[in-house]
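Notes follow once the structure below has been shown.
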Amino acid sequence: MNLSRNWLKEFVQIEATDREFDEAMTLSGSKVELTTRLDAEISNVVVGRIEEMVRHENSDHMWVCQVNVGQPDLVQIVTGAQNQKVGDLVPVALHNSTLPGGVKITKGKLRGVLSNGMLCSIQELGLTRNDFPYAAEDGLWILQEDCSIGQDINEVIGNDDSVVEFEITNNRPDCFSVIGLAREVAATFEKPLKLHEPVVKGGGEGTLTDLLDVDVQAEDLCPRYTARMVRNVRIAPSPKWMRQRLRASGVRPINNIVDITNYVMLEYGQPMHAFDYRYVNGHIVVRRAVEGDTMRTLDGVDRPIKPGMLVIADAEKPVGLAGIMGGENSEIVDDTVDVVFESANFDGTSIRQTALALGMRTEASAKFEKGLDILNTLPAVNRACELVELLGAGEVVDGVIDVLNYVPEPVELPLEPEKINRLLGLNLPESEMVSYLNRLEIPVVNGMVQVPSWRPDLRCMADLAEEVGRLYGYNKMPTTMFQGSTTQGRLSQAEVLERKAGTACRGMGYDEIMTYSFGSPAMFDSLRLPADSPLRRTIRILNPLGEDRSVMRTTAIPSMLEVLSRNDSYHAQQVRLYELAKVYLPKDGQRLPEEPKMLLLGAYGGKMDFYALKGAVETVLQAVGAKEPEFAPVTDNPIFHPGRCASVSVDGIYLGLLGQIHPLTAANYDLDCDTYVAEINFSDIAKVLAPEAVYHPLPKYQAVTRDIAVVCEEPVTVAALEKCILSAGGQLLRKVSLFDVFRGGSVPAGKKSVAFSLELRADDRTLTDADSDGVVSNVLKKLSEELNAVLR
Amino acid sequence: MKQQLEQIRTAAMKALEQAASPEELEALRVQFLGKKGELTAVLKMMGGLSAEERPVMGQLANTVRAEIEQKLDASRNVLKAKLLEAKLRSETLDVTVPGTRIPQGHRHPMNLALDEVKDVFVGMGFDIVDGPEVELSDYNFTRLNTPEGHPARDHSDTFYVTEDDEVLLRTQTSPIQIRVMETQQPPIRMFAPGRVYRKDEVDATHSPMFHQMEGLVVDKGITMTDLKGCLEQMVKALYGPDAVVRFRPHHFPFTEPSCEVDVQCFECHGAGCRTCKGEGWIELLGAGMVHPKVLAGCGIDPEVYSGFAFGVGLERMAMRRFAISDMRLIFENDVRFLEQF
Numbered sequence: 104m105n106l107s108r109n110w111l112k113e114f115v116q117i118e119a120t121d122r123e124f125d126e127a128m129t130l131s132g133s134k135v136e137l138t139t140r141l142d143a144e145i146s147n148v149v150v151g152r153i154e155e156m157v158r159h160e161n162s163d164h165m166w167v168c169q170v171n172v173g174q175p176d177l178v179q180i181v182t183g184a185q186n187q188k189v190g191d192l193v194p195v196a197l198h199n200s201t202l203p204g205g206v207k208i209t210k211g212k213l214r215g216v217l218s219n220g221m222l223c224s225i226q227e228l229g230l231t232r233n234d235f236p237y238a239a240e241d242g243l244w245i246l247q248e249d250c251s252i253g254q255d256i257n258e259v260i261g262n263d264d265s266v267v268e269f270e271i272t273n274n275r276p277d278c279f280s281v282i283g284l285a286r287e288v289a290a291t292f293e294k295p296l297k298l299h300e301p302v303v304k305g306g307g308e309g310t311l312t313d314l315l316d317v318d319v320q321a322e323d324l325c326p327r328y329t330a331r332m333v334r335n336v337r338i339a340p341s342p343k344w345m346r347q348r349l350r351a352s353g354v355r356p357i358n359n360i361v362d363i364t365n366y367v368m369l370e371y372g373q374p375m376h377a378f379d380y381r382y383v384n385g386h387i388v389v390r391r392a393v394e395g396d397t398m399r400t401l402d403g404v405d406r407p408i409k410p411g412m413l414v415i416a417d418a419e420k421p422v423g424l425a426g427i428m429g430g431e432n433s434e435i436v437d438d439t440v441d442v443v444f445e446s447a448n449f450d451g452t453s454i455r456q457t458a459l460a461l462g463m464r465t466e467a468s469a470k471f472e473k474g475l476d477i478l479n480t481l482p483a484v485n486r487a488c489e490l491v492e493l494l495g496a497g498e499v500v501d502g503v504i505d506v507l508n509y510v511p512e513p514v515e516l517p518l519e520p521e522k523i524n525r526l527l528g529l530n531l532p533e534s535e536m537v538s539y540l541n542r543l544e545i546p547v548v549n550g551m552v553q554v555p556s557w558r559p560d561l562r563c564m565a566d567l568a569e570e571v572g573r574l575y576g577y578n579k580m581p582t583t584m585f586q587g588s589t590t591q592g593r594l595s596q597a598e599v600l601e602r603k604a605g606t607a608c609r610g611m612g613y614d615e616i617m618t619y620s621f622g623s624p625a626m627f628d629s630l631r632l633p634a635d636s637p638l639r640r641t642i643r644i645l646n647p648l649g650e651d652r653s654v655m656r657t658t659a660i661p662s663m664l665e666v667l668s669r670n671d672s673y674h675a676q677q678v679r680l681y682e683l684a685k686v687y688l689p690k691d692g693q694r695l696p697e698e699p700k701m702l703l704l705g706a707y708g709g710k711m712d713f714y715a716l717k718g719a720v721e722t723v724l725q726a727v728g729a730k731e732p733e734f735a736p737v738t739d740n741p742i743f744h745p746g747r748c749a750s751v752s753v754d755g756i757y758l759g760l761l762g763q764i765h766p767l768t769a770a771n772y773d774l775d776c777d778t779y780v781a782e783i784n785f786s787d788i789a790k791v792l793a794p795e796a797v798y799h800p801l802p803k804y805q806a807v808t809r810d811i812a813v814v815c816e817e818p819v820t821v822a823a824l825e826k827c828i829l830s831a832g833g834q835l836l837r838k839v840s841l842f843d844v845f846r847g848g849s850v851p852a853g854k855k856s857v858a859f860s861l862e863l864r865a866d867d868r869t870l871t872d873a874d875s876d877g878v879v880s881n882v883l884k885k886l887s888e889e890l891n892a893v894l895r
Numbered sequence: 002m003k004q005q006l007e008q009i010r011t012a013a014m015k016a017l018e019q020a021a022s023p024e025e026l027e028a029l030r031v032q033f034l035g036k037k038g039e040l041t042a043v044l045k046m047m048g049g050l051s052a053e054e055r056p057v058m059g060q061l062a063n064t065v066r067a068e069i070e071q072k073l074d075a076s077r078n079v080l081k082a083k084l085l086e087a088k089l090r091s092e093t094l095d096v097t098v099p100g101t102r103i104p105q106g107h108r109h110p111m112n113l114a115l116d117e118v119k120d121v122f123v124g125m126g127f128d129i130v131d132g133p134e135v136e137l138s139d140y141n142f143t144r145l146n147t148p149e150g151h152p153a154r155d156h157s158d159t160f161y162v163t164e165d166d167e168v169l170l171r172t173q174t175s176p177i178q179i180r181v182m183e184t185q186q187p188p189i190r191m192f193a194p195g196r197v198y199r200k201d202e203v204d205a206t207h208s209p210m211f212h213q214m215e216g217l218v219v220d221k222g223i224t225m226t227d228l229k230g231c232l233e234q235m236v237k238a239l240y241g242p243d244a245v246v247r248f249r250p251h252h253f254p255f256t257e258p259s260c261e262v263d264v265q266c267f268e269c270h271g272a273g274c275r276t277c278k279g280e281g282w283i284e285l286l287g288a289g290m291v292h293p294k295v296l297a298g299c300g301i302d303p304e305v306y307s308g309f310a311f312g313v314g315l316e317r318m319a320m321r322r323f324a325i326s327d328m329r330l331i332f333e334n335d336v337r338f339l340e341q342f
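Chains A and B are the protein sequences, given in the same order. Heads up: take any position in the first sequence, counting from 1, add 103, and you land on the working numbering. Heads up: take any position in the second sequence, counting from 1, add 1, and you land on the working numbering.
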């Protein structure tokens, strides 16, 4: 909402610089976004009178003018314009002047003749013929204003004004009007508000009820419809003061009747519409559109209206889109004779949905959306008629048609000073609260607050507390620290684990990333997942910003691969990344999906291989305090290399996958280097934490180490061998460590030699050779029996 | 004989003083103290002395031997020290050559900023909690006093997941307030950061997914001045004790009274500059006293309890903190960007 400070003066007189005004209004609740001086762009442009003009000696179209600008000497200016004559008053941009758009004018020679500035057209002053209709389309602006030689042109234009742009919140539709803002200004600065009751003389020919009938069929969408009529209108430009106020408010002047509707909309916040009486045939019907209705709005566009949208119609056809825009078929034109003014109250939601569906949000629809004061339609239509008479634009017919389908109950609220003080943390006397409310034109009678019809936001004690608080001043309130029951602040367990995991990842050189939760459904094809993969069951966004962001991810591997790929394309040689990323898994019988958090590791380049990735996973699990993980080969996951992929689980709980990305999958992400990714269900890690550490006494007796190397078939895994050794080793075997895997040489093809170091120890004695031999022979026996692994 | 011993002593002392290597020292030891050495040779002549002279000479000879041995040790130590010194000198390194580092990864700047805020609130007794991102419209809107037909619910602003518009991607972290209040009786102090979604195209200052941080305090006797105190504390913890804040009225459906909190521009200290777009203030967050309807809807009696809530945008806070000019950098994850933090 743009407010002209000059217009504001009609309602409230205040002394404040722009900056003081902005600050005071912002702090009382009407946030100022920007204040613009209308004269900021034009400087050193004055009114001048052409005293002499002769042809330019070197040009057949230019004139050399001697101009009186109120200085002792005449100023010589060359112009190419043709519409001026001696004695005309024109705008003169002097040497070192500025014009809108950052244009600077300095003196110079035009074809050899000195020109000390420029004579201006209205366009050069940032105006149009809507602002000054008599000005020439081409050529200089020959001033017909009440002005004097040497006067600053800004004063002549009406630019000695500041326009304040307010951010109006949804709860204050009343502030989308000059009067509404003036009320806030008066309350803020503690100055009286001067409002004016419109007075209409009337006397226009005929009886209104004979001339016009209004039939509101869609009562639910049109609580009130108020209309008046004006006859024998004389369409003409509106007066300068009105044009200035419209222009300052960002509205283009058109003609007196249209300007009046816009003026009243700005002043009262009540959208108005003017119909040409000829084209509504004496009937106005407010109804929902039906199949077959068509509508061309007054901007000349055919609108695809749908049944159910609210329209204003004559007996047969729609003549306007209610609350949004009038129809071309009933527009005010130069030969319009009789006019119907509509001042109605429409249902905000219906207007908003129609405007949205048709993609035509207008000044009027934006106001209706917020919900307007139903009692405002009558004063607004009367004000329009008053202005018609003031401008001499026509004769107002007596009487008003006012269809009122809903009479709002007056709202009364008890003023509860103790509760208000308790909520705010203040100790204000009741009288002070009353005075704040009174300043806002809210009466308080016998302790009851009489809520005005324009304040639908005041419905409970807390609402009144806000009014009191903001006029007292939020910044004046003291600051306190809340008391009461002590609470212990905590990070959640999940958060603690995440921080540990993150620290471990960064300690290994992995950088943290942050990726979008949604992606393209094509991501599953890029991963080469089969059609029946459960990961393809996603939460789909019904109204996405494009297909690329239309499904919630069920795995964060695509996010990781995209980031790896992007960095590869930026020529990063070696990349290590991690992310704690939510995925969204639909569950049968639940409205909402599960949202577990996954730990992603991704890497390429440098000394990266499967075991480096596995080591990183093991390190993170150790860092968060999980029990020992188990890994098993996974050969059939299309995302991963079939020979270099493992599942990881702890205590039989499956946590996720890690491995080298299958080259075909990698290729789908334009990754041609070996790429490694792990995805671990981090939310499940809390289930597999090792019990808290308890001290065990240090061993008193020395341990003995025995190394063994066995030869076995290639498919037998190290994990299987280890498990077998541990089960055969008995209590004395404390630790098994792999130290070599060897192929070739004396080891037959298809077989491998695997060497382990066994640590043996007893708690109560030093082991003898016989003890150790016994353990080793048990181990070897079992290895041979169960896995066909024989001593090398 | 005495003279001979004195000569040996003088000669030995001098020679030992000048010895320059362990080998030389060893040769001198042999020369003076060895079986065929000079002192031994003199002692062999002891037999020819008188009984009176013998113990005197014997004592003198022992003294000379002891002195030579002592000197030998001393010289050996000096020499050793010199050698060590020389060796160390030869091992001198250029200490300006870079150290062998274990490369460390980097925390994402958004989480750096978030961790800081979380720690501030844990310190003030808040629990850090989480809530679902795919949320019921009931929690995201209705129970936050945002009824059907409200513009925020439009398909042009909110992502919906079900045809009946009942499931959506949450547009704010505020539904977590409801989830906490309906399961927990006061006192409540919770802080809930998380992802939120709005239908904004990606550009330098917008993203369809971004982060908010939600705070809620509900107890007996919570006042608007408490809200001011808590938020001022947060701002000072994050921006330093000299940060100046202001509170100005605003509107949110689920708080009443509502306010927005600005911090005085760090660049111009309120005079107005490019950073603050001439306003002198930078908008930080929205807040307010929990609307009585919202409390009542969660089974908390607004006549007994009151509370305040606030919501802060993380991206803008982090971007300002680290002078990040374009929001796209945050989600692009270029390692050249990540490694700056």
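Glycine included, each C-beta is placed from N, C-alpha and C at the ideal position. None of the values given here were measured: they were computed from a predicted structure.
Quick check on residue i: does DSSP put it in helix, strand or coil?
i      : result
A:P236 : coil
A:Y757 : strand
A:A684 : strand
A:F785 : helix
A:L567 : helix
A:M655 : strand
Between residue i and residue j, which are expected to be in contact by the criterion C-beta below 8 Å, what is the C-beta distance as a whole number of angstroms?
i      : j      : result
A:M398 : A:I271 : Incorrect: roughly 30 Å between the Cβ atoms, too far for contact.
A:A604 : A:L702 : 6 Å
A:G132 : A:R573 : 5 Å
B:E233 : A:T582 : 5 Å
B:P258 : A:A568 : 6 Å
A:I811 : A:L894 : 7 Å
Count the other C-beta atoms from every protein chain shown that fall within 10 angstroms of the C-beta of residue i, then say buried if there are 16 or more, exposed otherwise.
i      : result
B:L85  : exposed
B:T172 : buried
A:R286 : buried
A:V807 : buried
A:L841 : exposed
What does a CB cutoff of less than 6 Å around residue i pick up in its chain, not counting 5 residues either side in sequence?
i      : result
B:S307 : I223
B:G195 : T174
Near residue i, which residues of its chain fall below 7 Å by C-beta distance, leaving aside the five closest residues on each side in sequence?
i      : result
B:V130 : I177, V181, M191 and A193
A:R390 : Q320, A321, V414 and A416
A:E248 : V259
Within a Cβ cutoff of 8 Å, which residues of the same chain sit near residue i, ignoring the five residues on either side of it in sequence?
i      : result
A:N432 : Y382, R399, K420 and V422
A:V503 : L311, T329, A330, R331, L481, V484 and N485
Under 7 Å from any heavy atom of the ligand FMN, does the C-beta of residue i make it?
i      : result
A:P794 : In the structure on display, the ligand FMN does not appear, and there are no ligands present to speak of.
When you check each C-beta in the region 130 to 143 of chain B against every C-beta of chain A, which residues fall closer than 9 Å? Correct list: V130, D131, P133, E134, V135, E136 and L137.
Determine which residues of the region 205 to 229 of chain B have a Cβ less than 8 Å from any Cβ of chain A, and write them out in chain order. Within the region 205 to 229 of chain B, the qualifying residues are P209, M210, V218, D220, K221, G222, I223, T224, M225, T226, D227 and K229.
Taking a Cβ distance cut-off of 7 Å, strictly less, list which residues of the region 175 to 207 of chain B are near chain A, in chain order. When C-beta distances to chain A are compared with 7 Å, the residues of the region 175 to 207 of chain B below that value are P188, R190, R196, K200 and E202, in chain order.
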